[in-house]
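Convert by adding 21 to the 1-based position in the sequence shown; the result is the number in our numbering.
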Amino acid sequence: MPAQLNNTLGRYLKDCRGRLDPSVLGFPSGRRRTPGLRREEVAVRANISPTWYTWLEQGRGGSPSAEVLDRIAASLLLTDSEREYVFMLAFGHPPEVIYRPPQGVTPRLQRLLDSLETSPAIIKTATWDVLAWNRAAAVVLTDYSKLPFEQRNILRLIFCNPRIRAGQLDWESMARFVVAAFRADATRAGARSEVSKLAEELCSQSPEFAAFWHDNDVGIHGDGVKRLRHETLGLIELEYSGFAVEGRTDLGMIVYNPLTTSDADRIRTLILESSQKPDA
């Protein structure tokens with residue numbers, strides 16, 4: 022590691038150490054010359070030599086291994102973005118991705134979806150489970166609230182739901198594209214075991230999925246046009262764009278905008294009608 026980066030890493034670790042409350046982490050909080058943890062306490066938490074950790078902060082130590090740096094990051098309670106930063110300083114590349122199944126979305130993200138009145142929008146995980154959606158998505162795409170959680174998966178719906186399949190004007194091209202984009206998303210997120218389980222299940226249920234999956238195509242779910250044969254609206258065209266959720270590498274947002282004002286008005290009317298139904 023170049024000396025300048027070594028010094029930058031050391032200073033950053035020192036600053037992170039100074040922000041921690043010793044009492045919260047089980048250390049005595051009596052008189053201390055400086056705020057935060059002592060170097061020895063960080064070393065104990067990371068199970069490394071206090072002398073070596075001192076040298077690292079001072080820019081005199083050699084480069085730590087990825088495993089050791091991971092333990093130091095955990096001992097300093099670094100966030101995912103802070104952990105990525107120290108790996109970039111130490112090695113010039115981000116850490117290996119560790120996939121953690123997300124538990125949900127924040128109220129702020131849900132409010133963002135809800136603000137898109139006539140544009141169907143969803144939040145999906147790296148394994149393409151739908152976590153959140155707006156009213157427009159419920160009436161135009163699928164009312165996910167009526168599905169069991171495990172069935173709110175885009176691939177399961179495309180390959181195993183006859184109604185969803187019938188609504189696609191060019192199902193085969195769309196399905197092949199979705200499998201390629203799914204493979205890229207899940208691999209990037211490090212969700213290997215989750216992907217294997219889902220792929221095995223879908224291969225057993227759908228010969229088409231098995232064929233597309235074994236083609237090993239990789240794609241990007243960036244933007245394009247989606248054409249649907251909606252059971253109430255008839256033919257409708259939506260241009261879609263995919264977005265990363267800042268600070269949540271496990272999540273992605275897809276927004277579908279009606280191509281015409283007429284289509285937007287039809288969606289608005291359908292939302293109003295569905296909200297007036299007794300079981301809505």
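We put the beta carbon where it would ideally sit given N, CA and C, even for glycine.
Counting only residues of its own chain and dropping the five nearest sequence neighbours on each side, Arg269 has a CB closer than 8 Å to the CB of Pro123. By the beta-carbon neighbour count (other beta carbons within 10 angstroms, threshold 16), Gly255 is exposed. For His235, the uninterrupted alpha helix (DSSP H) run begins and ends at Pro228 to His235, by DSSP. Assignment of beta-bridge partners to Trp154 by DSSP yields Ile143.
Residue range Arg269 to Pro279 is occupied by the beta strand (DSSP E) that includes Asp271.
Taking each of Ser296, Thr282 and Lys298 in turn and checking the Cα distance to Ser140, the smallest one comes out for Thr282. The C-beta of Glu62 has 16 or more other C-beta atoms within 10 Å across all chains shown, which makes the residue buried. Note on geometry: alpha-carbon atoms of Phe198 and Gly240 lie some 7 Å from one another.
In the assembly as shown, Ser194 is an exposed residue. Its beta-carbon has fewer than 16 other beta-carbons within 10 Å.
In the structure shown, Asp135 adopts helical secondary structure according to DSSP, grouped into three states. Counting C-beta pairs closer than 8 Å gives fewer than three between the stretch 214-228 and the stretch 153-172, which falls short of the contact rule.
Here the alpha carbon of Ser70 sits roughly 35 Å from the alpha carbon of Ser214. Asp91: member of the alpha helix (DSSP H) spanning Ala87 to Ser96, first to last residue. Look at Leu254 here: in three-state DSSP terms it is coil, with no helix or strand label. A direct Cα-Cα distance of roughly 39 Å separates Arg287 from Ser225. Taken through DSSP and simplified to helix, strand or coil, Val239 comes out as coil. Contact check for Asp206 against Gly125 fails: the beta carbons are separated by 8 Å or more. The secondary-structure analysis by DSSP pairs Leu249 across a beta bridge with Gln189 and Ile257.
For Glu117, no alpha helix (DSSP H) segment is defined, and its DSSP state is neither H nor E.
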